[in-house]
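Letter by letter, the sequence shown follows residues 1 to 741 in the UniProt record's numbering. Using N, Cα and C, we set each Cβ at its ideal position, and we do this for glycine too.
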Amino acid sequence: MTGGPRAPDGGGGTDGTHGRDGPEGGRDVDLSDTTVGGRYRLGATIGTGGMSDVYAATDELLGRDVAVKMMRADLARDTTFLERFRREAQNAAKLNHHAIVAVYDTGQTDPEHGSVPYIVMERVHGETLRDIVRESGPMPLDEASRVMAQVCQALQFSHEAGIIHRDIKPANIMITNTGAVKVMDFGIARALSDSSSAMTQTAAVIGTAQYLSPEQARGKSADARSDLYAAGCVFYELVTGRPPFEGESPFSVAFQHVQDDPVLPSHVPGMQLDQRRALALDSVVLTAMSKDPADRYDSAADMAADLTRLADGQMPLAAATHSDDPATTVMPGTPGYAGGSGPGAGAAGFAGAAGFAGAAGAAGAAGGAGYAAGHAADHPAGVRPGEGYDAARAPQHAPAPGGVPAEPRHVAPADGPGPARRRRRPWVAALWTVVVLALVGVVGLVGWNQFGGDDGDGRQASAPAQQVAVPDVANLARDDARARLRDAGFDVRETEQPHATVVRDHAIGTEPAARSSLPKGAAVTLVLSSGKEITEVPDLTGRTTEVARNLLSDAGLTLKSSVRERPSDSVPAGQIIEQSPAQGSQVSKGTEVGITVSTGPQQVRVPQVTGQQLDVARQNLESAGFVVEVDMVDSLETENLVLSTSSEGAQQPKGSTVTLEVSRGNQFRMPDLTGTRYSDVAAALQRAGWRASPDQLTRHDVKTPDISRVDQVTQQSVPAGQAVSRDTRVDVGVNVFSLLP
């Protein structure tokens, strides 16, 4: 599909027409095949909406395709809509970014067409995300992540310019035919300093309800993090094929944004992800869609970095926030534990492995009322008893062969059917510890009854030493890890070593490794973390990215995969402007260091100033960051009128020179004086623009026998129609009567 920027409020009628009436009716007159602004030839309508229509057009001055957004004539009389339309032009014109649709020009139609304002924009050929999802279904996770990373980069640029979009949705994001991402429609955007309300004066929701942040739905101030919430909603829809919330009316949807949590995207029917990818996806979406703006990403750049990690198959940083809560982690099992994953889940494992008939009731009681032991293993970690979790949506994980617990899985904690919270619950960790220790004790009792009791005649059995699997104690605190190993029957010894990620005095692992089979009473070495090694951050400023990567590697540090870029007038392109942490900072080895790289002088579009007066043109160019050079030329045009502009409409480095060709206004076009009486010649010249003194008009006689032509001009020194200086000398030949040749 080929299209262009659309009207801000969505599509038109379903029958393919746009229902236009006259200027006094509900729609504009059709302006196809007319010219506006003296240069934009309008073609077919390519978009229509509640506030405006968009035409394909040709800029006849520069010979390029553009799109012209024309406000509806009936709305042009409404100051509210006029202000919104004006704000869109101003906001978009400030944003010069490859992923934001560019605005080239603005203007107003002639009075005969109703004096309707219009915006001239970059013509974009492609499909909106809304159309792509409707026609093709959900995007693959990697592709959707890369698309949204570019959207977030555009939002970061917008936010740094002080503009929040406030209407991020699939219909306002386009994928061009070349695969580029374009964010459009800043019709309801506001400056960060003027983002006071998410509701219009008529209480209609500003922005689309399905992508509205909770603070906007409450009527509170929106900020840059409101755009991140909407981006999270769009990402959710891209990968699942449906928005996070749906309802019968915009207000019911807005209410859900405030009160409800979405079903985890990895739990939406049709999603098929392994547990690692599910955690990665859920963590990015949950962070972006946190109810509290303070819990969202700090910036669009941070969200873009996590999306890039997700696309590259890496674990996003948000996953750490959503996986280190004990309520989100399946606790490791003990020998004979069948792999249940919640309170009371151990019951089925013990009943099946050890024939312990009463275990189901006991474990069910420990797990909480209403949490049946027979279904415990079907529930993901973090779902609390009595909260109505839909078991059909929970991913199923079978235990590993031989009764060894499956690899712990991490899912986000839930307050309802599937969604998660980022709040920490210390009591959950304590509860888990009590439950696990109780289950370990039961295991010991069952093992003793099965293998360590007497042989029936009161004598101790002399069976060979029992083989026991070394439990997995990774990341457990020192005391907990020691207790776990001792309870399993091992002689515990300790050693320490630095580790980049495991917290000090927590277990890195064991020697021999977890799940190794050893005789009961054997020695096991508990390997504890002594914390990270400290190193000093080197100075990276003025270096290239590759040099910085090598310097960091030598210091035991790593370079962040996402590198920020920023224009700089003083630092050459490709060199580092700044770094975080700063040079000389003492940090742990393994720490990631972020850098900002110069893209060279900022590229700015040269504004159109041809046809403006010199003082206005100079002000427009200088405010855009250019140095103005003036070349005065002889011209028939008004004095100080700009005749041409070098590089007009092109991208040029900020601070570069733009040359204006400006009229001196010192010429006039010589009139035809033939047949004019000599006494009227001076007046005729002055009417044409001649400004010379009277002595610059001279005459010479031309003899004629025709008495009727006496005193008429028959010759002139400057041909009629020629452009000459206003003070040029003019000589005319005037007829005088004579019968002689």
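Query raised in the report: For V702, which option in V718, V734, G689, P694 has the closest C-alpha, if you only look at C-alpha atoms?
Result: The residue among V718, V734, G689, P694 with its C-alpha nearest the C-alpha of V702 is V734.
**Message:** With a threshold of 6 Å on Cβ separation, who are the neighbours of A723 within its own chain once the five nearest residues in sequence on each side are excluded?
**Reply:** L636, Q667, R669, listed in sequence order.
* Sequence-distant residues of its chain with Cβ nearer than 7 Å to A204 (five each side left out) -> With a pLDDT of 38 at A204, under the threshold of 50, the modelled position of that residue is not reliable, and no figure is offered here.
Review point. Using the beta-carbon count (16 or more within 10 Å), is P572 buried or exposed?
Key: In this structure P572 is exposed. Its beta-carbon is surrounded by fewer than 16 other beta-carbon atoms within 10 angstroms.
What's the gap between the Cα of Q608 and the Cα of R123? Taking the Cα positions, Q608 is about 18 Å away from R123.
- Query: If we call anything under 8 Å between Cβ atoms a contact, is E629 one with T657?
  - Reply: Cβ atoms of E629 and T657: closer than 8 Å.
Quick test of your reading: G594 and K560, contact by CB under 8 Å. State the CB separation rounded to the nearest angstrom. That belief holds up - the Cβ atoms of G594 and K560 are roughly 4 Å apart, short of 8 Å.
**Asked** Taking A523 as the reference, which of A548, D539, V468, I577 has the closest Cα?
**Response** That would be V468, whose Cα lies nearest to the Cα of A523.
Quiz item: Between which two residues does the beta strand (DSSP E) containing R77 stretch?
Solution: Per DSSP, R77 is not a residue of any beta strand (DSSP E), being assigned neither H nor E.
inquiry  = Given this structure, state the Cα-to-Cα distance separating D472 from L557, to the nearest angstrom.
reply    = If you take the alpha carbons of D472 and L557, they lie about 29 Å apart.
**Between the CA atoms of T308 and R277 - distance to the nearest angstrom** = Roughly 14 Å between the two C-alpha positions.
| If you drop the 5 nearest sequence neighbours on each side, which residues of the same chain put their C-beta closer than 7 Å to that of L62? | The residues are G649.
ask   = What did DSSP end up calling I707 once you bin it into helix, strand or coil?
value = Correct three-state label for I707: helix.
message = Quick check on the DSSP output: the beta strand (DSSP E) that includes T501 runs from which residue to which?
response = Under the DSSP assignment, T501 falls outside any beta strand (DSSP E); it carries neither an H nor an E label.
| Do G107 and V36 come within 8 Å of each other at the CB atom, strictly closer than that value? | Their beta carbons are under 8 Å apart, which means V36 touches G107 by this criterion.
Top-ranked residue by Cα proximity to D539, from V527, G531, E546, L552:
The shortest C-alpha to C-alpha distance from D539 to any of V527, G531, E546, L552 is the one to L552.
- prompt: With A209 and R166 assumed to form a contact (beta carbons below 8 Å), what rounded beta-carbon distance in angstroms separates them?
  reply: Contact between A209 and R166 is ruled out by a C-beta separation of about 13 Å, above the 8 Å threshold.
Worksheet item: Just the Cα atoms here: how many angstroms apart are T34 and L42?
Response: Here the alpha carbons of L42 and T34 stand approximately 6 Å from one another.
Alpha-carbon to alpha-carbon, K532 and V120: The straight-line gap from Cα to Cα measures roughly 56 Å.
- the region 136–149 / the region 63–74 touching (three or more Cβ pairs under 8 Å): Put simply, the region 136–149 does not touch the region 63–74. Fewer than three CB pairs are less than 8 Å apart.
Is the beta carbon of P567 sitting closer than 8 Å to the one on T544?
Cβ distance not < 8 Å, so P567 and T544 don't count as in contact.
Within 10 Å of its beta-carbon, does P705 have 16 or more other beta-carbons around it, so buried, or fewer, so exposed? Classification of P705: exposed, given that the 10 Å Cβ count is below 16.
Q) Closest by CA to S266, which one among A481, R242, E639? A) If we check each option's Cα against that of S266, R242 comes out closest.
*Would you mind stating whether A481 and A513 have Cβ atoms separated by less than 8 Å?*
8 Å or more divides the Cβ of A481 from the Cβ of A513.
* Beta-carbon proximity list for S193, same chain, < 6 Å, skipping 5 on both sides -> The pLDDT assigned to S193 is 46, lower than 50, so where the model puts this residue is not dependable, and the model offers no usable value.
**Simplified DSSP state of P567, which is helix, strand or coil** = Secondary structure of P567 (DSSP, three-state): coil.
Exercise. Report yes if the CB atom of A217 is closer than 8 Å to the CB atom of H159, and no otherwise.
Key: Contact flag unset, no.
Could you tell me if P741 is buried or exposed, where buried requires 16 or more neighbouring beta carbons within 10 angstroms of its beta carbon?
Flag for P741 reads exposed.
**Item:** Cut-off 6 Å between Cβ atoms - residues of its own chain near R729, not counting five sequence neighbours on either side
**Value:** Correct list, in chain order: Q696.
| field | Given M271 as reference, the closest of R225, Y236, N640, H98 once Cα atoms are compared | value | Minimum Cα distance to M271 is reached at Y236.
Q: Express the C-alpha separation of D282 and L476 in angstroms, rounding to a whole number.
A: Cα-Cα distance, rounded: 25 Å.
- So which of M51, V718, S252 has the shortest CA-CA distance to D78? The shortest C-alpha to C-alpha distance from D78 to any of M51, V718, S252 is the one to M51.
> Who pairs with K182 in a beta bridge, going by DSSP?
Replying inline: Its beta-bridge partners are M174.
### Message
Quick check on the DSSP output: what are the complete alpha helix (DSSP H) runs of length 4 or more inside the region 520–573, in order along the chain?
### Response
DSSP runs (the alpha helix (DSSP H)) wholly in the region 520–573: 545–554.
Cβ-Cβ distance between T645 and G665 below 8 Å:
In this structure, G665 does not lie closer than 8 Å to T645 by Cβ.
Q. Is D634 buried or exposed, if buried means 16 or more other CB atoms sit within 10 Å of its CB?
A. Burial call: exposed.
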